[in-house]
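Protein chains: 2
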Amino acid sequence: MAGEGSEREAPRGAAGDPLVFRLLNEIGIIDQLASRLFERVMPGDLTLPQFVVLNHFVRLGRPSSPLRLARAFQVTKSTMTNTLQHLERAGLVTIEPDPQDARAKVVFITDAGRAAREAAIAALTPRLSSIADGIAAQDVEAAMPLLARLRANLDAERDRG
Amino acid sequence: MAGEGSEREAPRGAAGDPLVFRLLNEIGIIDQLASRLFERVMPGDLTLPQFVVLNHFVRLGRPSSPLRLARAFQVTKSTMTNTLQHLERAGLVTIEPDPQDARAKVVFITDAGRAAREAAIAALTPRLSSIADGIAAQDVEAAMPLLARLRANLDAERDRG
DNA sequence: TGCATTTCGTTCGACGTCGTACTAGATAAT
DNA sequence: ATTATCTAGTACGACGTCGAACGAAATGCA
């Protein structure tokens with residue numbers, strides 16, 4: 014464990030003591046550390062959101078649209094526009110008008126995109142084992158329902174206004 | 014970035030550890046949703062990092078320095094410089110040179126800062142119960158060691174380069 | 001003492017993210 | 001048909017975040 018100064022605290026919320034605050038707190042730290050680590054390990058200029066989009070294409074096996082991608086990743090349309098523009102400039106995806114709907118666009122992954130995704134996974138994989146070190150699969154499985162519930166609650170609260 | 018929604022596909026179990034990957038994925042989504050919700054609920058122009066810094070001051074009960082704050086929240090110095098500049102412009106903190114060390118600075122929370130923090134907490138509190146709805150305290154307690162371990166692993170991996 | 005190194009903080013440019021506002025095209029309503 | 005409304009995507013500005021580079025001050029070392 015790193016330096017643990019007496020002043021150490023979490024980068025997220027924690028207005029008081031409540032348990033859920035502590036949980037969100039811990040989650041915030043983990044997300045912070047994980048994202049940074051991912052970006053540092055990524056080859057080239059590939060960022061985490063860019064990788065995630067490329068990965069999605071490979072798993073999906075077919076083209077998609079900016080809006081569907083935005084929904085899939087819970088980001089706004091403008092955020093996805095931004096990410097796709099970067100990917101397109103890097104030649105990792107191509108974007109064409111949708112023949113069916115002149116408002117829409119179709120996004121394809123390119124061969125270079127697939128290669129970049131493979132390289133990223135190759136760089137990531139060895140790190141994942143270190144990160145998983147000393148973590149029991151059954152403990153993770155046991156924690157997932159809690160997290161799913163928390164996510165669902167946040168989701169509902171988001172729609173609430 | 015968050016995880017996929019409806020456009021889901023069977024995660025083909027690439028080499029490595031799909032389990033920890035899924036965990037980090039879920040954590041990413043939760044952090045996303047929680048952060049957005051916080052910012053939407055925050056009164057005025059207060060952002061989450063700004064609130065967290067103010068909150069830290071109240072809990073700490075004494076001034077601090079940009080570097081110590083950066084370490085406490087696991088962000089870089091430049092990130093903290095940025096946040097503190099916003100807080101100072103809003104009159105929520107004051108920043109003075111450190112008499113002991115001419116390189117350093119001392120950051121104080123102001124009365125306006127305390128008031129802003131109180132207002133934020135007042136706005137946040139009612140949301141908390143909704144977010145915690147259906148979540149058992151013992152389940153959270155049970156999950157914390159796992160998360161702590163994950164955090165520690167990420168921390169160690171970060172220092173590894 | 002004097003110079004090299006470390007430390008504290010800022011500046012700069014880049015990316016992700018949001019929300020608002022806008023265009024263009026599709027759909028519904030009358 | 002014509003108009004009103006909704007939908008897909010983009011533009012813009014703001015904030016958080018990082019890393020690299022920098023100036024200024026403290027510390028270490030010879």
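Chains as they are written, first to last, in the numbering used here: chain A, 14 to 174; chain B, 14 to 174.
All C-beta atoms, glycine included, are put in the ideal place defined by N, C-alpha and C.
Can a CB atom of chain B be found closer than 8 angstroms to the CB of residue i?
| i | result |
| --- | --- |
| R127 of chain A | no |
| R130 of chain A | no |
| D58 of chain A | no |
| P76 of chain A | no |
| L67 of chain A | no |
Give a yes or no on whether the minimum CB-CB distance between residue i and chain A is below 8 angstroms.
| i | result |
| --- | --- |
| R116 of chain B | no |
| Q87 of chain B | yes |
| A145 of chain B | yes |
| I122 of chain B | no |
| L167 of chain B | yes |
| L80 of chain B | no |
| R171 of chain B | yes |
How should residue i be labelled, buried or exposed, when 16 other C-beta atoms within 10 angstroms of its C-beta is the threshold for buried?
| i | result |
| --- | --- |
| Q87 of chain B | buried |
| R164 of chain B | buried |
| E52 of chain B | exposed |
| R25 of chain A | A caution first: R25 of chain A carries a pLDDT of 44, below 50, which makes its placement in the model too unreliable to give a value. |
| R130 of chain B | buried |
| G41 of chain B | buried |
| N166 of chain A | buried |
| R84 of chain B | buried |
| F121 of chain B | exposed |
| N95 of chain B | exposed |
| E109 of chain A | exposed |
| S91 of chain B | exposed |
| E154 of chain B | exposed |
| Q151 of chain A | exposed |
| S48 of chain B | buried |
| R81 of chain B | buried |
| A156 of chain B | buried |
| D124 of chain B | exposed |
| S77 of chain B | buried |
| G126 of chain A | buried |
| Q113 of chain A | exposed |
| A128 of chain A | exposed |
| D111 of chain B | exposed |
| Q98 of chain A | exposed |
| A145 of chain B | buried |
| D44 of chain A | buried |
| A149 of chain B | exposed |
| A133 of chain A | buried |
In the DSSP assignment, what residue or residues form a beta bridge with residue i?
| i | result |
| --- | --- |
| F121 of chain A | A:T107 |
Nearer than 7 angstroms: is that true of the beta carbon of residue i relative to any heavy atom of the ligand GTP?
| i | result |
| --- | --- |
| I122 of chain B | Absence of the ligand GTP from the depicted structure is noted, as is the absence of any ligand whatsoever, leaving it without description. |
Residues in the stretch 34-51 of chain B with C-beta within 8 angstroms of chain A's C-beta atoms, listed in sequence order?
-> Correct list: F34, R35, L36, L37, E39, I40, G41, I42, I43, D44, Q45, L46, A47, S48, R49, L50, F51.
Just list the beta strand (DSSP E) runs in the stretch 39-92 of chain B, keeping only unbroken ones of 3 residues or longer that don't cross its boundaries, in chain order.
-> Counting only runs of 3 or more, we get nothing.
Mind listing which residues of the stretch 89-113 of chain B have their C-beta closer than 7 angstroms to chain A's C-betas, in chain order?
-> Under the 7 angstroms Cβ criterion, the stretch 89-113 of chain B contributes no residue.
Would you list, in chain order, the members of the stretch 151-163 of chain B that have their beta-carbon closer than 9 angstroms to a beta-carbon of chain A?
-> The stretch 151-163 of chain B vs chain A, Cβ under 9 angstroms: D152, V153, E154, A155, A156, M157, P158, L159, L160, A161, R162, L163.
Go through the stretch 149-173 of chain A residue by residue and report every complete run of the beta strand (DSSP E) that reaches 3 residues or more, in order.
-> If we require 3 residues or more, the stretch 149-173 of chain A turns out to have no beta strand (DSSP E) run fully inside it.
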